[in-house]
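**Q** Residue numbers (our numbering), protein chains in the order written: chain D, 735 to 983; chain Z, 7 to 335. All C-beta atoms in this analysis are idealised placements derived from N, C-alpha and C, irrespective of residue type, glycine included. Below is the structure I would like to discuss, written out as structure tokens.
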Amino acid sequence: MTNPILEIKNLKKSFGALKATDDVSITLNVGEIHALIGPNGAGKSTLIKQICGGLSSDSGSVIFNGKDLAGLDVAERAQLGLGRTFQISSVIMEFSALRNVMLAVQAFNGSSFRFFKNVRNDKVLVARAMEILSRVDLEKRAEISAAELSHGERRQLEIALALALEPKAFLLDEPMAGMGPEGSKRLISFLDELRKEAPILLIEHDMDAVFSLADRISVLVYGRVVASGTVDEIRANPAVREAYLGETA
Amino acid sequence: MASLSRESILNIFLTLAMVALPFVATAIDEPFYITLATRVAILGLAGVGLNLALGTGGLVSFGHAAFFGVGGYAAGILASHALNYTPIMESPFLIEGTNQMLIIWLVAIIASGIVAYLIGLLSLRTSGVYFIMITLAFAQMLYYFAISWPAYGGEDGLSIYVRNAFLGVNTLAPHGFYFICLGLLFGGIFLSATLKNSRFGAALQSARQNEERLSAVGVRPFNIKLTAFVISGMMTGLAGALFADLNRFVSPSMLSWHMSGEIMILVILGGVGRLYGPLAGAIIYILFEFIFGGMTEHWQFFLGLVLLGVVLFARGGVIGLIAGRARHD
Chain D
735 MTNPILEIKN LKKSFGALKA TDDVSITLNV GEIHALIGPN GAGKSTLIKQ ICGGLSSDSG
795 SVIFNGKDLA GLDVAERAQL GLGRTFQISS VIMEFSALRN VMLAVQAFNG SSFRFFKNVR
855 NDKVLVARAM EILSRVDLEK RAEISAAELS HGERRQLEIA LALALEPKAF LLDEPMAGMG
915 PEGSKRLISF LDELRKEAPI LLIEHDMDAV FSLADRISVL VYGRVVASGT VDEIRANPAV
975 REAYLGETA
Chain Z
7 MASLSRESIL NIFLTLAMVA LPFVATAIDE PFYITLATRV AILGLAGVGL NLALGTGGLV
67 SFGHAAFFGV GGYAAGILAS HALNYTPIME SPFLIEGTNQ MLIIWLVAII ASGIVAYLIG
127 LLSLRTSGVY FIMITLAFAQ MLYYFAISWP AYGGEDGLSI YVRNAFLGVN TLAPHGFYFI
187 CLGLLFGGIF LSATLKNSRF GAALQSARQN EERLSAVGVR PFNIKLTAFV ISGMMTGLAG
247 ALFADLNRFV SPSMLSWHMS GEIMILVILG GVGRLYGPLA GAIIYILFEF IFGGMTEHWQ
307 FFLGLVLLGV VLFARGGVIG LIAGRARHD
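Okay, structure coming up:
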């Protein structure tokens with residue numbers, strides 16, 4: 735029997751008459767990539783926000799690493815080991831790539847309530863941040879401010895920020911978005927390895943990426959999970975072909 | 007670190023100018039300039055406090071007069087009790103007045119810190135224009151409280167007959183008091199720079215730029231902002247205690263929204279978020295008051311023109327105009 739690290743049970747969220755999340759149950763097991771696909775407006779981003787704590791749920795629960803996350807805010811869930819990336823890169827624009835990662839490292843490793851030591855002289859912090867930057871191939875761009883990084887580099891930085899938290903599960907919201915074919919290819923092989931460190935709940939529109947990476951796929955349409963299964967099962971599912979794949983193929 | 011940036015050179019120049027000023031003033035027999043410079047140092051320190059919240063943390067507080075005034079009243083109340091030999095309270099334990107600046111400063115810092123904590127606790131739950139309004143409202147509440155509190159002068163204010171004492175320094179001599187204020191100003195600037203470069207400073211700057219990201223890495227923006235607001239209030243409170251000693255007088259006007267505006271204007275004039283911005287702003291502010299205030303009582307009209315120019319054409323204030331845009335790393 736597989737053991738889920740993340741268990742979403744009967745989660746619901748309505749905005750007025752719109753059911754953005756309609757009784758969603760999903761699990762994420764150790765060692766796997768579980769892809770969440772669905773057309774625009776299917777409620778993927780709402781679901782991510784509910785998992786991360788940015789949006790409260792009407793009912794249902796999110797169990798992470800055996801703990802019910804109800805009542806915990808975004809920061810507390812991040813501390814417990816939920817590492818997320820944003821659909822639209824969300825970094826500290828005035829900081830260099832290095833200082834961005836240093837912020838995440840300091841948050842994970844120790845405290846932000848240290849007032850006197852200059853962070854640039856904090857060798858442990860700098861070394862750890864550089865190590866993470868080199869994992870996403872950004873070490874040569876460490877001193878460049880985030881505002882001057884290219885779109886693709888900012889996507890890499892997003893991932894570095896999640897890595898710095900040494901999470902127990904990754905929630906990646908369209909990591910391929912806007913990446914060139916070369917960048918996507920490299921990211922695919924990176925994520926392929928990453929699943930050994932921590933399982934990934936992957937929201938992605940790039941079907942090639944999804945089909946080559948995912949162990950399981952769940953399809954979200956109008957806030958409901960209409961199908962869930964292995965790659966082959968999803969490919970063969972007529973409801974999915976109609977609702978979703980038909981549009982892209 | 008091969009060459010100094012233009013901003014560093016400007017900062018060094020301002021530091022040296024402030025240190026040299028009283029000697030020049032004495033040489034040309036204009037001791038009044040030292041009093042002006044003391045005002046610059048004190049208002050500059052108040053601005054350094056606000057700049058930590060406003061510039062580094064992006065917290066647009068329109069209520070920093072609250073901390074300035076609380077610091078001022080701490081000095082005034084302690085000094086008046088010391089002068090009259092009456093205790094502030096006798097039960098449950100005895101608290102007496104004092105004329106020792108070191109104790110007065112400590113009380114001013116703690117008192118304004120507590121007030122900043124309470125105001126921050128409530129107002130930091132809002133942001134944007136609501137934050138501006140709620141900080142303004144709290145400061146005005148304290149202003150009206152001071153007006154209607156007869157024990158310490160009410161509307162008429164409270165006089166400090168003899169300037170308080172600091173170790174062996176003759177505080178009544180202009181030089182002595184000026185260098186005390188200048189030392190504290192540079193202490194405040196140094197503290198600001200240290201904080202900005204620390205882990206806390208990194209988190210605070212992130213809270214200004216992208217709260218969502220700060221939470222996503224596991225840091226609560228609220229706690230960071232509240233801490234910054236308290237430190238900011240403490241620095242401005244210390245400036246208030248010095249201001250009371252400079253004028254040997256405390257009145258509710260220190261708590262009024264004009265004062266909040268004055269502190270904010272000098273930060274904007276000098277350059278929001280720039281280390282020496284508040285000092286540069288205070289120099290300009292006091293110069294305008296001195297030069298144009300001698301010609302017309304409507305001198306603030308000219309100040310308004312300059313402020314308009316800065317807001318429209320020089321977002322980095324005077325420091326930004328001379329030294330260019332702020333460098334980030």
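Excluding the 5 residues flanking C786(D) on each side, which residues of the same chain have their C-beta closer than 7 Å to its C-beta?
**A** Taking the first residue of the first sequence as position 1, residue 786(D) is located at position 52. Excluding sequence neighbours, C786(D) sits near V808, R811, L816, R818 and L905.
**Q** Are the Cβ atoms of S118(Z) and F73(Z) separated by less than 8 Å?
**A** As a working note, residue 118(Z) is residue 112 in the second sequence. As a working note, residue 73(Z) is residue 67 in the second sequence. Result yes, Cβ atoms of S118(Z) and F73(Z) sit closer than 8 Å.
**Q** In chain order, what residues of the segment 808 to 826 of chain D put their CB closer than 7 Å to some CB of chain C?
**A** Included in the structure are the protein chains D and Z, with no chain C among them.
**Q** Does any CB atom of chain D fall closer than 8 Å to the CB of T200(Z)?
**A** Here residue 200(Z) is taken as the residue at index 194 of the second sequence, counted from 1. T200(Z) counts as touching chain D.
**Q** Going by DSSP in three states, F308(Z) sits in which element: helix, strand or coil?
**A** In the second sequence, counting from the first residue as 1, residue 308(Z) sits at position 302. Helix, per DSSP.
**Q** In its own chain, which residues sit with a C-beta less than 7 Å from the C-beta of D940(D), not counting the 5 before and 5 after it?
**A** Here residue 940(D) corresponds to residue number 206 of the first sequence, with the count starting at 1. The answer, listed in chain order, is M910 and S918.
**Q** Alpha carbon to alpha carbon, how far is N843(D) from G800(D)?
**A** Your numbering for residue 843(D) matches position 109 in the first sequence. Your numbering for residue 800(D) matches position 66 in the first sequence. Their Cα atoms are separated by approximately 23 Å.
**Q** Along chain Z, in chain order, which residues have C-beta atoms closer than 9 Å to that of V853(D)?
**A** As a position in the first sequence, residue 853(D) is number 119, starting the count at 1. Those within 9 Å of V853(D) in chain Z are N203, S204, R205, G207 and A208.
**Q** Does DSSP put T233(Z) in a helix, in a strand, or in coil?
**A** As a position in the second sequence, residue 233(Z) is number 227, starting the count at 1. Correct three-state label for T233(Z): helix.
**Q** Whose C-beta lies closer than 8 Å to the C-beta of A320(Z) among residues of the same chain, with five residues either side of it excluded?
**A** Taking the second sequence and counting its residues from 1, one reaches residue 320(Z) at position 314. G326 and L327.
**Q** Once the 5 residues before and after N834(D) are set aside, which same chain residues still bring their CB inside 8 Å of it?
**A** Looking up residue 834(D) in the first sequence gives position 100. Same-chain partners within the cutoff: V825, I826, A880, L891, A894 and L895.
**Q** Note down the Cα distance separating L313(Z) from D856(D), rounded to an integer number of angstroms.
**A** Your numbering for residue 313(Z) matches position 307 in the second sequence. Your numbering for residue 856(D) matches position 122 in the first sequence. In a straight line, the C-alpha of L313(Z) is about 40 Å away from that of D856(D).
**Q** Taking one C-beta from the segment 284 to 294 of chain Z and one from the segment 265 to 273 of chain Z each time, how about it: are there three or more such pairs within less than 8 Å?
**A** With the cut-off at 8 Å, the segment 284 to 294 of chain Z and the segment 265 to 273 of chain Z touch.
**Q** If distances are taken between C-alpha atoms only, which option among A831(D), R854(D) and S846(D) comes closest to S884(D)?
**A** On the first sequence, position 150 is the one that residue 884(D) refers to. Nearest option by C-alpha distance: A831(D).
**Q** Give the DSSP bridge partners of K801(D), in chain order.
**A** Here residue 801(D) refers to the residue found at position 67 when the first sequence is read from its first residue. The partner list for K801(D) (beta bridge, DSSP) reads F798(D).
**Q** Identify every residue that forms a DSSP beta bridge with E741(D).
**A** Counting from one through the first sequence, the residue named residue 741(D) turns up at place 7. BP columns for E741(D) point to T761(D) and I797(D).
**Q** Can you tell which of L124(Z), G277(Z) and G299(Z) has the C-alpha that lies nearest to the C-alpha of F144(Z)?
**A** As a position in the second sequence, residue 144(Z) is number 138, starting the count at 1. Nearest option by C-alpha distance: L124(Z).
**Q** Return no unless some Cβ of chain Z is closer than 8 Å to the Cβ of F798(D).
**A** Numbered from 1 along the first sequence, position 64 holds the residue referred to as residue 798(D). Not one chain Z Cβ lies under 8 Å of F798(D).
**Q** Give the range of the alpha helix (DSSP H) segment to which V858(D) is assigned.
**A** Stepping through the first sequence from its first residue, residue 858(D) is reached at position 124. Segment K857 to R869, the alpha helix (DSSP H) holding V858(D).
**Q** Would you check if there are 3 or more beta carbon pairs closer than 8 Å linking the segment 742 to 758 of chain D to the segment 919 to 929 of chain D?
**A** At 8 Å Cβ cutoff, the stretches do not touch.
**Q** Please tell me whether A222(Z) has its Cβ less than 8 Å away from any Cβ of chain D.
**A** Position 216 of the second sequence, counting from 1, holds the residue named residue 222(Z). It does; some Cβ of chain D falls within 8 Å.
**Q** Can you tell me whether F196(Z) is helix, strand or coil according to DSSP?
**A** For this step, residue 196(Z) is matched to residue 190 along the second sequence. DSSP places F196(Z) in helix when its eight states are reduced to three.
**Q** Using a Cβ-Cβ cut-off of 7 Å (strictly less than) and excluding sequence neighbours within five positions of G50(Z), which residues of its own chain qualify?
**A** Here residue 50(Z) refers to the residue found at position 44 of the second sequence. These residues qualify, in order along the chain: L191, P284, L285 and A288.
**Q** Among the residues of its own chain, which have a CB less than 7 Å from the CB of E295(Z), if the five just before and after it don't count?
**A** Reading the second sequence from its first residue, position 289 is the one you call residue 295(Z). Same-chain partners within the cutoff: W305.
**Q** Where does E950(D) fall in DSSP's three states?
**A** Sequence index remark: in the first sequence, residue 950(D) carries index 216 (1-based). Checking the sequence shown, residue 950(D) turns out to be Arg, not Glu. Looking at R950(D) - three-state DSSP - the assignment turns out to be strand.
**Q** Which residues bound the beta strand (DSSP E) around T819(D)?
**A** Position 85 of the first sequence, counted from the start, is the residue given in the question as residue 819(D). L816 to T819 is the span of the beta strand (DSSP E), which, as asked, contains T819(D).
**Q** Helix, strand or coil for T982(D), going by three-state DSSP, please let me know.
**A** Stepping through the first sequence from its first residue, residue 982(D) is reached at position 248. Interpretation of T982(D) is limited by its pLDDT of 49, a score under 50 that renders its predicted location unreliable; no figure is taken from the coordinates.
**Q** With a threshold of 8 Å between beta carbons, is L225(Z) in contact with chain D?
**A** On the second sequence, residue 225(Z) is found 219 positions in, with the first residue counted as 1. In the sequence as presented, Leu is not what sits at residue 225(Z); that position holds Val. Closer than 8 Å to some Cβ of chain D, the Cβ of V225(Z) qualifies, so yes.
**Q** May I have the straight-line CA-CA distance separating A776(D) from K753(D), to the nearest angstrom?
**A** Position 42 of the first sequence, counted from the start, is the residue given in the question as residue 776(D). Position 19 of the first sequence, counted from the start, is the residue given in the question as residue 753(D). Spanning the two alpha carbons is a distance of roughly 10 Å.
**Q** In the DSSP output, what is I101(Z) paired with across the bridge?
**A** Residue mapping note: residue 101(Z) aligns to position 95 of the second sequence, counting from 1. Answer is M95(Z), bridged to I101(Z).
**Q** With C-beta atoms as the reference, is S67(Z) less than 8 Å away from L56(Z)?
**A** Translated into the one-based positions of the second sequence, residue 67(Z) becomes position 61. Translated into the one-based positions of the second sequence, residue 56(Z) becomes position 50. A contact, by the Cβ cut-off of 8 Å.
**Q** Does DSSP put G207(Z) in a helix, in a strand, or in coil?
**A** As a working mapping, residue 207(Z) is identified with position 201 in the second sequence. If DSSP states are grouped into helix, strand and coil, G207(Z) belongs with the helices.
**Q** Start and end of the alpha helix (DSSP H) containing L275(Z)?
**A** Numbered from its first residue, the second sequence carries residue 275(Z) at position 269. Start and end: W263 to G276.
**Q** Quick check for students: name the residue ranges of the beta strand (DSSP E) that lie wholly in the segment 130 to 202 of chain Z, counting only runs of 3 or more.
**A** Whole beta strand (DSSP E) segments, 3+ residues: zero.
**Q** So, are the CB atoms of L130(Z) and F228(Z) less than 8 Å apart?
**A** To locate residue 130(Z), count along the second sequence from 1; it is residue 124. To locate residue 228(Z), count along the second sequence from 1; it is residue 222. Yes. Within cutoff.
**Q** Buried or exposed: W155(Z), going by 16 or more other Cβ atoms within 10 Å of its Cβ?
**A** Residue mapping note: residue 155(Z) aligns to position 149 of the second sequence, counting from 1. W155(Z) is exposed by the Cβ-count criterion.
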